[in-house]
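Asker: Sharing a structure with you now.
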Amino acid sequence: MNKQPEVIQAMFSAIAGRYDLLNHLLSANQDKAWRRRGVAALNVPPGGRVLDVGAGTGDLGIELARRHPHVGLICAADFALPMLHIAQDKFAQVAPTFRRHFRQDAEATMFACVGADGLRLPHRDDTFDVVMSAFTVRNFCDLTAGLREMHRVTRRGGQVLVLEFCKPTARLLRRGFNVFFRHVLPRVGRWISRHPFAYDYLPHSVEDFVTRREMEELLRAVGYGNVRSKDLTGGVATMFVATKG
Ligand SMILES: C[S@@+](CC[C@H](N)C(=O)[O-])C[C@H]1O[C@@H](n2cnc3c(N)ncnc32)[C@H](O)[C@@H]1O
166 MNKQPEVIQA MFSAIAGRYD LLNHLLSANQ DKAWRRRGVA ALNVPPGGRV LDVGAGTGDL
226 GIELARRHPH VGLICAADFA LPMLHIAQDK FAQVAPTFRR HFRQDAEATM FACVGADGLR
286 LPHRDDTFDV VMSAFTVRNF CDLTAGLREM HRVTRRGGQV LVLEFCKPTA RLLRRGFNVF
346 FRHVLPRVGR WISRHPFAYD YLPHSVEDFV TRREMEELLR AVGYGNVRSK DLTGGVATMF
406 VATKG
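Taking our numbering, I'd label the letters of the sequence shown as residues 166 to 410.
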């Protein structure tokens, strides 16, 4: 499977305009619930700094700011700039709302966008209270190197959140997954995104990816402790939370 960074970057750049629509449509809006569940599992200190790796159009950061209105900085990093441009517009729209409804007595949350490769982040060691990533690490050409980089920029005692589509292990689920992922999703995705292979790539990238247990092991191997995981929507997506000890 071709996971060369330039190919992945070009693919997400090309589908940026239709990404949110397809996400919500193909997951029957479950993606919103998955992000909500993910950020609800985090402890964010007042004024805390959060990095979103592969932030795409910014929804995970917005969800985090909604759930933890006292957060200080949300830094959205992605190497597909058209995705980040959409995130930037959304941040500009929601920031005043957060200020009015949640932050009357405190300093406003700062949103920042950084064009960066998740495997070579431009941040110093131990910078962020939370490093999070939704549906991105599956696209890394080197998963261990990407997780190691996330660990490097997490401060001691800080948390990591990963949301991903792991390879399902239950046979029944795998069968249902295969029918939808191999036959329905690529057709609808190709039709709406008008991209020749982005939505063929998606099911293959899931089949090629690690299982929930393997992902837990990798998080431990790069240095995280207290690794917990939870299947969402019957295991269609999985969330992982761990701490840098
Ligand atoms: C499936 S989208 C997920 C976007 C967003 N996190 C969400 O929840 O909708 C994957 C994103 O990760 C980005 N991405 C993939 N590999 C990356 C890498 N090595 N460095 C930076 N961004 C990457 C892509 O450009 C894309 O925007």
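Just so you know, even glycine gets a beta-carbon here, dropped at the ideal spot from N, CA and C.
Just so we're clear, the structure is a prediction, and the values are computed from it rather than from any experiment.
Is Cys331 near ligand 1, with its Cβ less than 8 Å from a heavy atom?
Answerer: Taking the first residue of the sequence shown as 1, we reach residue 331 at position 166. Every heavy atom of ligand 1 is 8 Å or more from the Cβ of Cys331, so no.
Asker: Pick out whichever of Val209, Ala220 and Ile251 has its Cα sitting closest to the Cα of Arg231.
Answerer: Against the sequence shown, residue 231 aligns to sequence position 66. Ranking the options by Cα distance to Arg231, first place goes to Val209.
Asker: Is any heavy atom of ligand 1 found at a distance shorter than 8 Å from the C-beta of Arg313?
Answerer: For the purposes of this step, residue 313 is taken as the residue at position 148 of the sequence shown. No - ligand 1 has no heavy atom lying nearer than 8 Å to the Cβ of Arg313.
Asker: Going by C-alpha to C-alpha distance, which of Trp356, His288 and Gly283 sits closest to Phe300?
Answerer: Position 135 of the sequence shown, counted from the first residue, corresponds to residue 300. By alpha-carbon distance to Phe300, the top candidate from Trp356, His288 and Gly283 is Gly283.
Asker: Anyone know if the C-beta pair for Asp217 and Lys255 falls short of 9 Å?
Answerer: To locate residue 217, count along the sequence shown from 1; it is residue 52. To locate residue 255, count along the sequence shown from 1; it is residue 90. In this structure, the beta-carbon distance from Asp217 to Lys255 does not fall below 9 Å.
Asker: Between which two residues does the beta strand (DSSP E) holding Asp294 run?
Answerer: For the purposes of this step, residue 294 is identified with residue 129 of the sequence shown, where counting begins at 1. Segment Phe293 to Ala299, the beta strand (DSSP E) holding Asp294.
Asker: Quick one: what does DSSP say Thr262 is sitting in, helix, strand or coil?
Answerer: Along the sequence shown, read from residue 1 onward, the residue named residue 262 stands at position 97. Three-state DSSP puts Thr262 in a helix.
Asker: Drop a sphere of 10 angstroms on the beta-carbon of Arg377, count the other beta-carbons inside from all chains shown, and report buried for 16 or more, exposed for fewer.
Answerer: Your numbering for residue 377 matches position 212 in the sequence shown. Arg377 comes out buried.
Asker: Taking the alpha helix (DSSP H) that Leu328 belongs to, which residues open and close that run?
Answerer: The sequence position of residue 328 within the sequence shown is 163, counting from 1. Looking at the DSSP string, Leu328 is not in any alpha helix (DSSP H); the run it does join, the beta strand (DSSP E), is Thr319 to Glu329.
Asker: Please report the residue range of the beta strand (DSSP E) in which Met380 lies.
Answerer: Taking the first residue of the sequence shown as 1, we reach residue 380 at position 215. First-last for Met380: Arg377 to Ala386, but that is the alpha helix (DSSP H), not the beta strand (DSSP E).
Asker: Taking DSSP's pairing of strands, which residues face Asp396 in a bridge?
Answerer: Position 231 of the sequence shown, counting from 1, holds the residue named residue 396. DSSP lists Thr403 as partners of Asp396.
Asker: Any idea which residues DSSP pairs Asp290 with across the strands?
Answerer: Locating residue 290 in the sequence shown gives position 125, counting from the first residue. BP columns for Asp290 are empty, so no partner.
Asker: Should Gly354 go down as buried or exposed, given a rule of 16 or more other Cβ atoms within 10 Å for buried?
Answerer: One-based indexing of the sequence shown puts residue 354 at position 189. Answer is buried; the Cβ neighbour count reaches 16.
Asker: Any contact between the stretch 313-323 and the stretch 277-296? By contact I mean 3 or more CB pairs, one from each, below 8 Å.
Answerer: Touching, per the Cβ criterion.
Asker: My output table needs one value for Lys332: the three-state DSSP class, helix, strand or coil.
Answerer: The count along the sequence shown starts at 1 and reaches residue 332 at position 167. Correct three-state label for Lys332: coil.
Asker: Distance check for Ala220 and Arg201, CA to CA, integer angstroms please.
Answerer: Translated into the one-based positions of the sequence shown, residue 201 becomes position 36. Translated into the one-based positions of the sequence shown, residue 220 becomes position 55. Roughly 15 Å separates the two Cα atoms.
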